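Right, one structure below, let's go through it.
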Amino acid sequence: MTDEKIKFLEEKANEIRQSVIEMLVEAGSGHSAGPLGMADIFTALYFHILKNDPENPKWEDRDLLVLSNGHICPVQYATMAHAGYFPKEELKTLRKFGSRLQGHPHREKLPGIETSSGPLGSGLSQAVGMAVAMRMSKTKEEGSISDKQRWVYCLMGDGELDCGQVWEAAMLAGKEKLFNIIGIIDRNNIQIDGFTENVMPLEPLKEKFESFGWHVLEMDGHNMEAINDTIDEAKAVFNKPTMIIARTIPGKGVDFMEREFSWHGKSPNKEEAEKALAQLRTLNGKIKSEHE
Amino acid sequence: MNKAKLNPKLFDKDIEQIPTRNGYGEGLVRAGEKNENVVALCADLSDSTRSKMLKDKFPERFLQVGISEQSMASVAAGMAAMGKIPFISSYAMFSPGRNWEQVRTTICYNDSNVKIAGAHAGVSVGPDGATHQAIEDIAITRVLPNMTVVVPCDAVEARKATEAAAEIKGPVYLRFARENTPVMTTEETPFKVGKAEIFWSTPDVDVSIIACGPLVHNAILAAVELGKEGIKVEVINNHTIKPLDERTIIKSAQKTGAVVTVEEHQIACGMGSAIAELLAKKNPVPIEFIGVDDRFGESGEPNELIEEFGMGIGNIKEAVRKVLKRKKI
Numbered sequence: 001m002t003d004e005k006i007k008f009l010e011e012k013a014n015e016i017r018q019s020v021i022e023m024l025v026e027a028g029s030g031h032s033a034g035p036l037g038m039a040d041i042f043t044a045l046y047f048h049i050l051k052n053d054p055e056n057p058k059w060e061d062r063d064l065l066v067l068s069n070g071h072i073c074p075v076q077y078a079t080m081a082h083a084g085y086f087p088k089e090e091l092k093t094l095r096k097f098g099s100r101l102q103g104h105p106h107r108e109k110l111p112g113i114e115t116s117s118g119p120l121g122s123g124l125s126q127a128v129g130m131a132v133a134m135r136m137s138k139t140k141e142e143g144s145i146s147d148k149q150r151w152v153y154c155l156m157g158d159g160e161l162d163c164g165q166v167w168e169a170a171m172l173a174g175k176e177k178l179f180n181i182i183g184i185i186d187r188n189n190i191q192i193d194g195f196t197e198n199v200m201p202l203e204p205l206k207e208k209f210e211s212f213g214w215h216v217l218e219m220d221g222h223n224m225e226a227i228n229d230t231i232d233e234a235k236a237v238f239n240k241p242t243m244i245i246a247r248t249i250p251g252k253g254v255d256f257m258e259r260e261f262s263w264h265g266k267s268p269n270k271e272e273a274e275k276a277l278a279q280l281r282t283l284n285g286k287i288k289s290e291h292e
Numbered sequence: 293m294n295k296a297k298l299n300p301k302l303f304d305k306d307i308e309q310i311p312t313r314n315g316y317g318e319g320l321v322r323a324g325e326k327n328e329n330v331v332a333l334c335a336d337l338s339d340s341t342r343s344k345m346l347k348d349k350f351p352e353r354f355l356q357v358g359i360s361e362q363s364m365a366s367v368a369a370g371m372a373a374m375g376k377i378p379f380i381s382s383y384a385m386f387s388p389g390r391n392w393e394q395v396r397t398t399i400c401y402n403d404s405n406v407k408i409a410g411a412h413a414g415v416s417v418g419p420d421g422a423t424h425q426a427i428e429d430i431a432i433t434r435v436l437p438n439m440t441v442v443v444p445c446d447a448v449e450a451r452k453a454t455e456a457a458a459e460i461k462g463p464v465y466l467r468f469a470r471e472n473t474p475v476m477t478t479e480e481t482p483f484k485v486g487k488a489e490i491f492w493s494t495p496d497v498d499v500s501i502i503a504c505g506p507l508v509h510n511a512i513l514a515a516v517e518l519g520k521e522g523i524k525v526e527v528i529n530n531h532t533i534k535p536l537d538e539r540t541i542i543k544s545a546q547k548t549g550a551v552v553t554v555e556e557h558q559i560a561c562g563m564g565s566a567i568a569e570l571l572a573k574k575n576p577v578p579i580e581f582i583g584v585d586d587r588f589g590e591s592g593e594p595n596e597l598i599e600e601f602g603m604g605i606g607n608i609k610e611a612v613r614k615v616l617k618r619k620k621i
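See below:
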């Protein structure tokens, strides 16, 4: 990736974080920490990595992005709007009556959403189903990896790894050697009731997935270059599904939200939102966005 | 009289007996021959649910997921998103029992084209006991938006229902029994999802029996015995619980003014409740309910259990006499 591209993505992620804050304050409810923490990864995916077409969300050669932890949908909605899937003005309708932007995503309402989610732990199973179906539909000539290869990305929270269903799906993906699944775990170490390692210890997480037949990579979820390189590396693994453990900071970019699990499930009030937006507009003095 | 080209051996002791789940296996193969998108998933019960029949014919279209019913439902939803027509099978107690939330969110809320085959429904599962006898599955499926619910009465109807399910766009629940069931219907018996069929009737009928599943046989036998006592009964095979065939049911209730519902399921929230909801609104008549009355099943022989839980021919006859007394003159 060029320096220019990295700068573009960083600035885009910052704009998306601001949209997230604006949406949440308007909605008056929703999750803050997760969406801010995942803004960089979503930006990298939608603006650089995914084979997608915002004008034609049902494009049949597109890569699939399954969001398993549906509660962080504000960042997906914001990224999609910035990418051109729908007008940015619509972001203000989040969680409101009649909106396509439901509190948790609904596939039947918003084109570009690959599945409805909210109840945790079912996204990986659906990603597995998509990958199996792709393999079944392949003719012999298409059997090898080519430019036409479609990837299934499954974005998951770390808290939802408590769910048994995740491990049912992980076992099946390992058994079926579904190499075109790339899972990304938002390893921010928090869930509603506190730190993951207090609520239900997940470590050693890397070894857990490895023992289920996965190739496991780790990355800094806020470094555009690392995100891009790690996903590239995942694509080079031909005989196993890959799980990427993305270390992220919940609430990233807003100092009073960072690493505070109390911000997992609540939205900012007007005053807090203004403070957050002011910070984001001059993110560490490094990034100058159009809002300044 | 026989109204639906039923098996001429209907009343013979040696009528052919086949489990309805066999019809599922045959229907799955036929649906698979017709449409290459038909695929099957099973949770370690492929022999017993008969999904093995598709596996034997089209091994590349079968996915063994192990004992993971919750994941199976969502995997199927993912496959449906890619254009497949997945049939998932297990015992009804586990699918749609254990995996109900996954069925609700990933299948019904998404309006996914997934078919759920619940085998071993009802107390007639027998010796395995209450843990394996699903008697709540109609309740938990008919309550879900987008879901179609079908309970075939015998193996031939089960085969037709399975083939029909593949043609329906959207989620379908198919309920099957473990035990041998008299083959009441024939190739010529009409079958259409959403269309109840009058299986037995006489002129000037006094009572309607609305039944589903293998108990349709008991309902017909009860009707014939009651006929000998001068009580004229119409028997409707109401294989589709959702969407209900309102027209046929209301028409029969208007004709007789008294209804008995018969199902191998909890009385609460089952097929009878669906009938009661409809008739209370559109054409109120007295109703008696044959089914399990707020109890768990237990081990035993199927016929012993059908009697113990009040679903025998004698129980149906008694319910008919009771509803007749309640009927307004």
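Those protein sequence lines, which keep their order, are chains A and B. To convert, note that position 260 of the first sequence is 260 in the working numbering; the numbers rise steadily by one, no gaps. To convert, note that position 250 of the second sequence is 542 in the working numbering; the numbers rise steadily by one, no gaps. Each residue gets a CB set at the ideal place from its N, CA and C atoms; glycine is no exception. Keep in mind that this is a model prediction, so the values were computed, not measured.
query: E10(A) at chain B interface by Cβ criterion, 9 Å; result: no
query: Start and end residues, alpha helix (DSSP H) containing Y465(B); result: Y465(B) -> not in any alpha helix (DSSP H); beta strand (DSSP E) instead, spanning V464 to R467.
query: Cβ neighbour criterion (16 or more within 10 Å) applied to I192(A); result: exposed
query: Collapsed DSSP secondary structure at L597(B) in the structure displayed; result: helix
query: Host beta strand (DSSP E) of W265(B) (start-end); result: Outside the modelled stretch of chain B, which goes from 293 to 621, sits residue 265(B), for which no answer is possible.
query: Validate contact between the region 534–546 of chain B and the region 472–481 of chain B using beta carbons, cut 8 Å, 3 pairs; result: no
query: Beta carbon proximity, Q165(A) to chain B, threshold 9 Å; result: yes
query: Own chain residues within Cβ distance below 6 Å of I559(B), not counting five before or after; result: F581, G583 and D585
query: Cβ-heavy atom distance, N327(B) to the ligand ADP, below 8 Å; result: Judged by which ligands are present, the structure shown has none, so any question about the ligand ADP falls away.
query: Under the three-state DSSP convention, the category L178(A) falls into; result: coil
query: Buried or exposed by the 16-neighbour rule on C-beta atoms within 10 Å, applied to N391(B); result: buried
query: Residue ranges of each alpha helix (DSSP H) within the region 355–385 of chain B, 4 or longer; result: 361–373
query: Chain-ordered neighbours of L355(B) on chain A, where CB pairs are closer than 7 Å; result: V132
query: Length of the line joining the Cα atoms of M374(B) and M80(A); result: 21 Å
query: Pick from R107(A), D63(A), E55(A) and T230(A) that is closest to A311(A), judged by C-alpha positions; result: Since the displayed chain A opens at 1 and closes at 292, residue 311(A) lies outside it and no answer follows.
query: P500(B) in three-state terms, based on DSSP; result: Note on identity: in this sequence residue 500(B) is Ser, with Pro being the wrong assignment. Of the three classes helix, strand and coil, the one that applies to S500(B) here is strand, per DSSP.
query: Closest residue to G129(A) among I512(B), R322(B), G319(B) and A332(B) (Cα-Cα distance); result: A332(B)
query: Three-state secondary structure (DSSP) of R150(A); result: coil
query: Neighbouring residues, chain B, relative to T115(A) (Cβ below 8 Å); result: A369, G370, A373, T398 and N402
query: Residue range of the unbroken alpha helix (DSSP H) whose run includes M439(B); result: Element bounds for M439(B): n/a, residue is neither H nor E.
query: 9 Å Cβ cutoff, S99(A) in contact with chain E; result: In the structure shown, chain E cannot be found, because the protein chains are A and B.
query: P35(A): first and last residue of the uninterrupted alpha helix (DSSP H) it sits in; result: A33 to G37
query: Classification of G253(A) by the beta-carbon crowding that lies within 10 angstroms, buried from 16 upward; result: buried
query: Contacting residues, own chain, Cβ-Cβ under 6 Å from G70(A) (five flanking each side not counted); result: H104, P105, S117 and G118
query: Own chain residues within Cβ distance below 6 Å of P594(B), not counting five before or after; result: S416, G418 and E471
query: V516(B), enclosing alpha helix (DSSP H) - first and last residue; result: V508 to K520
query: Chain-order list of residues whose beta-carbon lies under 7 Å from that of Q165(A) (same chain, five-residue window excluded); result: G121, S122 and S125
query: Same chain, Cβ closer than 8 Å to L571(B), neighbours up to 5 away in sequence not counted; result: I541, I542, A545, V551, V577 and I579
query: Reduced DSSP secondary structure (H/G/I, E/B, other) of Q425(B); result: coil
query: Simplified DSSP state of I72(A), which is helix, strand or coil; result: helix
query: Reduced DSSP category for T312(B) - H, G, I as helix; E, B as strand; rest coil; result: helix
query: Proximity test, Cβ basis, 9 Å: M364(B) and chain A; result: yes
query: Beta-carbon proximity of G414(B) to A469(B), cut-off 9 Å; result: yes
query: Amino acids of chain A, ordered along the chain, whose beta-carbon sits closer than 9 Å to that of E393(B); result: P119 and S122
query: Residues from the region 331–350 of chain B in contact with chain A, defined by Cβ distance under 9 Å; result: V331 and L333
query: As assigned by DSSP and simplified to three states, the class of D158(A); result: coil
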